[in-house]
Structure formats: structure tokens, C-alpha cells
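Structure first, then comments.
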Amino acid sequence: MGACISARRAPVNRRLDPRAWGRSDSRCVLNFLEGHLPLVAGTILMVLLLGIRGSTRDPDLRDDLRGAVRMLLAFLVLRLVSLFLPEATTSNGLRKAVSVGWMLTFAYGVIRAAVAFALKLVRMRSPVTTPKILRDVIDFTLYALATVPILQSQLNLDLAGLLATSAVLTVVIGLALQETLGNLFAGLSLQLDRPFEVGDFIRIGEHTGRVVHIGWRSIRVANFRRELITLPNSMVAKEHVKNFTQHREPVGIEVQVGVSLDAPPNQVKQALLDVAREIPQILIQPPPMARTVSFTDSNVQYMVRVFLNDFALSDGVKEELHTRLWYRLRREGLELPHAQRTVTVRREAVAKRRDLADTTVRDLLRQVDLFSPLGPEELERLHREVVVRRFGQGERIIQEGDEGGTFYVVASGEVSVRAGTLQSEITRLGPGHYIGEMSLLTGERRAATVVALQDSVLLELDRPTFARLFSDYPGLARQLSALLAQRRNQLRAVALSSGGGPDHTPEAGRILGRLRQLFGLAHE
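Numbers given in this note's numbering equal positions in the sequence shown, counted from 1, plus 1255.
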């Protein structure tokens, strides 16, 4: 280093021969690198980087510093090897290779650490994450700028002149890297535009999935079948890209269904909206919407659009929509078209709409204690007025707080009775049990929600049927009031765990009064 200082203090030499001054500076740098100061500086720098990496919560900074620490660790190993290599037994080529190695790793480690802290400052000013491909390009560019002078000084190579004078080599490299360079520049363009990020659900051409990796050559997408698809950046840049999770906003999905030409459009659209509102994954805001799309020779096409927080739920929600629509449309007598067979089998379909044998319906009606005062003829007439309703698993049969004008008898399956803001389950009912009688007979709002736990078939009777029964049997209203009061008080007694028999008279009188008022019955 003394020679370097002396050279700097000789202005005459610098004026006489600038090239000699440049060579002197190069020797100064090499003398510095070949001394022990880089070893000490590299050790201190690596310890500082390890401490910062252990204390920071920024995952990008941790990843960048990990690469810098590895480079500096390699530098320390190579530098120590170069110091302990025996000069008498070691070839000059090996010593040169080790020297070039520790110089490059030291320079790469410093560059990687400097870039890491520079990008950290950028992220502190902007919430946008720096693309990995941009970080890689910056690193590789600086690596190249550091590599050229080291190789020139240590191996006496004129790399710039070699590349400039070798036109054939330039053409060969350009042709060989044509596809790679195309992917690189396409990747840079995608990162500048930022049409998607890691974690977004996108559709590129025929591929749909979640982005799991964005690289300098390609991106990787995991689809719904958990297949990992690698797409070159040059291909992605040419395709239309749909991003379903940009800024984590709700994403809309659409389902189309064809319904018979005879079905009233407003009724179908209301059914579509009701079904959509029952599925918990579908958002209330933005609200679902239903539209009439087109008319065909065999059906009318309808579309329902719903919104989700996560596009990953779309397949399951579509399946649930189609399943529940089948049950809902069938209950309302709205036919799904089955091509040319619709005209030929329609009458047969109407005849089979009950889905239950007549004997089964009669047996179920006899088991209902509300109908115990009825004779065989009236039960047979009641049997003819029954409408069979089929509900799919998870569908709501009755909603708490709604007005109710229907009464159900469970024919098959199992239903859950729930109440309260948390919708806690009160009981489960199977075949032979009935629900909805209090709201139908008194006009009160539904006191609980009833949900089908599995595919269930229920017998439905409406208020006009009971109005006819009260007209034909004047004493039936009083008997039903007593039965309803007894059932309600028993449920209260179980809930309160109280002993002794409850008094049915006040409750029965109240129910009878509501019943007479609702159905317009005269006092006896």
C-alpha cells in the first residue's frame, strides 16, 4: 500500500503517462484485495447480515439476505483456502482459480446485500411488492459488471474486445438465446404491467388456476385438479388474461339453466334468486341477479350471477346451485327440458309427481295426531289434496321469522329444527313427524328454521285445506287447539325441566281465539 501512496503523490508521472497511472490504480485495488482487509470486512459484513436477517419481518429482505450470506460464506472459505495454499506445491492455475473465486463471491455478496437494502427502501415508500424477475435482472446485470474487470485483471482476458470482434459468436449466441430472451423480455413486460401476482386466480387461454410462481422464463399455475402447469412468458404475453382476484375484490360467476317454455319467467327468476341466497358461500353484497338470456326451440335459457370472496369456491358453488335448482324447480312443477321426450312423457311425469305410493301417504296421515278426529272418508279426501315436496340436503324448508301458510309431514329423510340468532339445533325429526302447524293455524310467524339434513320427502298441506276441514267439521277447531296447546306446553316443560303437568286451558283458549280469527269461524 505504501507504493500506491507514493504513486498517488507523483503528479509528474500521471501527467507524462495516464495509462501508467491507470495501471497503478489497478495494482492498488489488487493489492487491497489480496490483503487481509477484505477477509475482515467480509466477516463483519456477514455477521451483520445474519443479525439483520434474524430480526427483520420482511420475507423478501430475508430471502435476499440469505443469498448474500451464502455468497460471503463461500468467499470466506475460498479466501482462507488461498491463504493456506502451499506456494511450492500448488500450480499457478489452481491459485488463480481460487483467487478469481473468492473475488467474485465477495463482489456478488456485497452486490446482493446492497440490492436487498435498496429494494427495502423502495418497499418502505411503496406498498407494491418488487417483482422477483426485476430483482434477478438487477442482480445479474451488476454481477456481469463486476465479473468483467475481475476476469480481465486476473486472467488477462480482453472480454469486451473478444465479443466486439467475433461477429459469428454474436450471431450464434443471439440465435441460441432467441426463445430465452423472448421469455425474459415478455416476463419483464408482464411484471411492469402487473396483470396478476402470486396467489391470484387467473385464466390464460384454456388454463385456469392459482398463480404459484412467477419467474424470468415462465409462470406456474396450479389448477383445480392440483395439476401444476408451466406456461412460458412469451405465450402468456400473447394470450388474453383474466384475473379473478385482482385487489381481492368479490368475483362474479354465472350459471345458466334451461327451463321449459311453459314456465313463467318471473317465477323461474325468483326461484333462481331464492336458491342463490340459501348458499352460505354466496355474498349478500353485491346481490345475486337473475336474467332471461334467450329463447330456443325447446326451452328458455336463464342466467344467475352470484359473487364470491374466493374464486376457489366457484366449482363447489356451481355444483350446489345446480343441485338445489333441481329440487326447487321440481317442487314448483317447473320442468327442466329433456329434448324431444318432453312432449311424449309429460302426462306420465305428472302422474308420477307424487314420488310416493298412495298407501304410504295414507299411513302417514293416519299417524298425525292432528288428524285423529277425522274419519276414513275425510282422510281419503285429505290424501287427494296432499302435495309431495322433495328437498335436497342442506335446503331450508322453513325460515324462522317468515309468514307460514303450509304444514308438512316428514315422509322420508331427516330434518333439523333450529332457532335463535346462532341457529342452534333444537331437535331432529324423522318420518311421521310434522312441522309448521302453529304458524299455519294461528297466523304467527315461523318460530324456527327447518333444514333438510339429507334428501327428504315431505307431504304439504296448505291453509285452504284446513279452512275446508273446519267448515265440514265445526268441532275440529276446538280439538286441534287443545292438541296444539298440549304439544306447546310439553315442549316448554322439557325446555324448562319443570315437574308437574302444565295447565292447557289458557294456552288452548288463546290458540282457539287466533284460529277463529284467522279462519273466520263463528263462536260455538
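Positions of the beta carbon are idealized from the N, C-alpha and C atoms, including for glycine. Just so we're clear, the structure is a prediction, and the values are computed from it rather than from any experiment.
Each residue's CA atom was taken as its position, placing residue 1503 and residue 1516 some 40 Å apart. Membership of residue 1717 in the beta strand (DSSP E) is indicated by the continuous run 1711 to 1717.
Rounded to whole angstroms, the Cβ separation of residue 1566 and residue 1491 is 19 Å, and the two are not in contact under 8 Å. Here residue 1663 is bridged, per DSSP, to 1690 and 1715. Less than 8 Å separates the beta-carbon of residue 1466 from that of residue 1451.
Residue 1396 is classed as exposed because its beta carbon has fewer than 16 other beta carbons within 10 Å across all chains shown. Check the Cα spacing between residue 1532 and each of 1672, 1575, 1499 and 1555: the tightest is with 1575. Here residue 1323 has 1304, 1364, 1367 and 1368 as same chain residues with Cβ atoms under 6 Å from its own Cβ, once five neighbours each way along the sequence are excluded. Around the CB of residue 1682, fewer than 16 other CB atoms lie within 10 Å, so the residue is classed as exposed.
In this structure, DSSP gives residue 1631 a helical state, which the three-state scheme calls helix. Between residue 1308 and residue 1320, the CB-CB gap stays under 8 Å. Proximity to residue 1663 across 1356, 1691, 1656 and 1684 peaks at 1691, based on C-alpha coordinates. Between residue 1616 and residue 1627, the alpha-carbon positions lie close to 15 Å from each other. Closest in alpha carbon position to residue 1390, among 1402, 1611, 1407 and 1370, is 1370. Under the three-state reduction of DSSP output, residue 1359 falls in the helix class.
Residue nearest to residue 1649 within the set 1705, 1444, 1661 and 1715 is 1705 (criterion: CA-CA distance).
For residue 1532, the enclosing alpha helix (DSSP H) begins and ends at 1520 to 1533. Taking a 10 Å sphere around the C-beta of residue 1483, we find fewer than 16 other C-beta atoms and assign the residue as exposed.
One thing to note: residue 1660 has its Cβ no nearer than 8 Å to the Cβ of residue 1620. The Cβ neighbour count for residue 1379, taken over all protein chains shown within 10 Å, is under 16; the residue is labelled exposed. Around residue 1703, the same chain offers 1653, 1655, 1672, 1673, 1674 and 1681 as residues with beta carbons nearer than 8 Å, after the five sequence neighbours per side are excluded.
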